[in-house]
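As structure tokens, the structure follows; a few thoughts come after it.
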Amino acid sequence: MVNWLYKIFICGFLLLINSKLYAQYDTGYVAVDIAQMEDYNLYPSYDVYLQMMERFATEHPDICKLIEIGKSVQNRKLLAVKISDNVGDEEFSEPEFFYSSTIHGDELCGFNFMLRLINDLLINYGSDSYITWLVDNVQIYINPLANPDGLYNGNNNYVTNSTRYNANGVDLNRSFPTINNPVFDFYEPEVKAMIDFANAHYFSISANLHSGSEILNYPWDSFYDSELPLPDNSWFEQICSKYVTTARKIDPEYMESEIAQCGYVFGSQWYKISGGRQDYMNYFMRCREITIELSNAYFLHPDFLDEYWHKNRASLINLIGESLHGVTGRVTDFNGNEVNNAEVIVLDQDKNYTTVFTNKGGYYFRYLPPGDVYEFSVYADGFETINQVVATQKDTLVSLDFMLRNGIAYYPLPPIEGVEGEVAFSAQFDGGKIVVESSKPISDLVVVDSYGRILVKSKPKKFKSEYTLNNCSHGVCVIKAECGGRSFTHKLFITK
Ligand SMILES: [Zn+2]
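Per my numbering, the sequence shown starts with residue 2, numbered consecutively.
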């Protein structure tokens, strides 16, 4: 009897120990130390992920920098690396490219691939001539995990319990501002971090990695082409086609989706969503973002990671190279000073929010199909609008600089046809400047001080503009603005 009880006790104890051991992490799925990630055939635990990101930067400090872009609901880190030569500098003459994955926490393989891509770029810099050229000429940003709370749902060592949503139960890829709903009272922290990060940069091409299908899609997700025609369709189709063609050299049947045999589709033609990051990046940031659906399995078993990585590796690297095919240039005044936030307009082409703006160094990047001739116009407040013609060339970044003469700007495009919905407008006085911002381009702006003197009179045709006030008296001023067919009047208190 005693012996029998003793046996039960021992068995129970062993079972407990056993379950404890195996409960610690997802055996066969998760790497719990960095050495287990050497072949990239597992998903890292959260701690291993952090260690890997830190190690990329410490082992390659000349070309890799770790950036914390924010925190999740449960305080996990939202991380990105920047990979570029002169990685500590903002190089305005170089385009900024952005990859981000796993905004849906249960779509995992892109997370693994982004870590592997970072490693690939870093270890091949200096030996692979194409990768070296990319790193030397593009500022590459990679955020492997946009939704860490979803992926490590409840346990930092588990990935098989992952969920699509963040810790508030929200689908982050339905939670970005939209054309019709541009300003929220509350932003999910992961969304807010991504918006702030995008605002601090001038991303010219980006991609958002998902799974659950094998297909690429391009904007818009929230409008049919008939509702908001996108003049850049043919450029999007060309870069998607290149991605698929390259991937099919490894697997001829890859991305042969029922949705589109060609492997890519106009977003809303597949299914319409609102609040996706793709439309946000294209509409608000004037970036060209596509969505890459990497595997039909939402959760790609680790046994298939290597195979799928090899299908996508060359395409992922080549897509970064698209940043260096198009038209670039610097916009300056006659003294050679950069004109930032100038609007670069392709005549007979741009409409519905496809124009781009110059960055802080006065540089712009505009991607267009090669082998055609385009007329560019540059619009900047306080300067005469000028036009120049350029011919695009295959696999080349053609230069087209603009030197602007002081004068009166005219806007060369007809006003954007209204999209129904609320218009948000804000104005503030900050550091000697009036900063106005709206969800629709501001067509007219007048600032009058309390004596009735006009301080600013402008037709910005932009979402955001800034005006430095010289020698003006302090006190109350009134701002009147027209945007999106509405009038706004704001009072501001100007301090010296
Ligand atoms: Zn997804």
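Even for Gly, the Cβ is constructed at its ideal location relative to N, Cα and C.
Per the coordinates, the alpha-carbon of M53 lies some 32 Å from the alpha-carbon of F285.
Distance from T469 to V479 at the Cβ level is roughly 18 Å; contact not present, criterion being Cβ atoms closer than 8 Å. G383 counts as exposed, since fewer than 16 other beta carbons sit within 10 angstroms of its beta carbon. Those residues placing their Cβ nearer than 5 Å to any heavy atom of ligand 1 are, following chain order, H105, E108, H211. Here T133 carries a helix assignment [DSSP, helix/strand/coil]. Check the Cα spacing between N297 and each of E339, L320, Q279, E254: the tightest is with E254. Around the beta carbon of T359, 16 or more other beta carbons lie within 10 angstroms, which makes this residue buried.
Remark: C-beta atoms of F98 and I141 approach each other more closely than 7 Å. By a beta-carbon distance limit of 8 Å, S324 contacts I206. Their separation comes to about 5 Å. Linking M282 to R289 through their CA atoms gives a straight-line distance of about 7 Å. Residue burial is scored here from C-beta neighbours: Y219 has at least 16 other C-beta atoms within 10 angstroms and is therefore classed as buried. Ranked by Cα distance from K441, the first of G432, G151, E483, I495 is E483. S73 counts as buried, since no fewer than 16 other beta carbons sit within 10 angstroms of its beta carbon. Taking each of H105, M115, S269 in turn and checking the Cα distance to E191, the smallest one comes out for H105. In this structure, E95 lies near V139, with their beta-carbon atoms less than 7 Å apart.
For L109, the closest of N148, E339, W134 by C-alpha to C-alpha distance is N148.
If you check the CB distance, M256 and G268 do not come in under 7 Å. Judged by DSSP in its simplified three-state form, S223 adopts coil rather than helix or strand.
For I346, the uninterrupted beta strand (DSSP E) run begins and ends at 344 to 347, by DSSP. Under the DSSP definition of a beta bridge, G327 partners with L398. When C-beta atoms of the segment 385 to 395 are compared with those of the segment 207 to 227, fewer than three pairs fall below 8 Å, so the two segments do not count as touching. CA-CA distance, K250 to I143, rounds to 25 Å. DSSP lists E438 as the beta-bridge partner residues of S427. When rounded, the separation of the alpha-carbon atoms in S235 and V347 is 15 Å.
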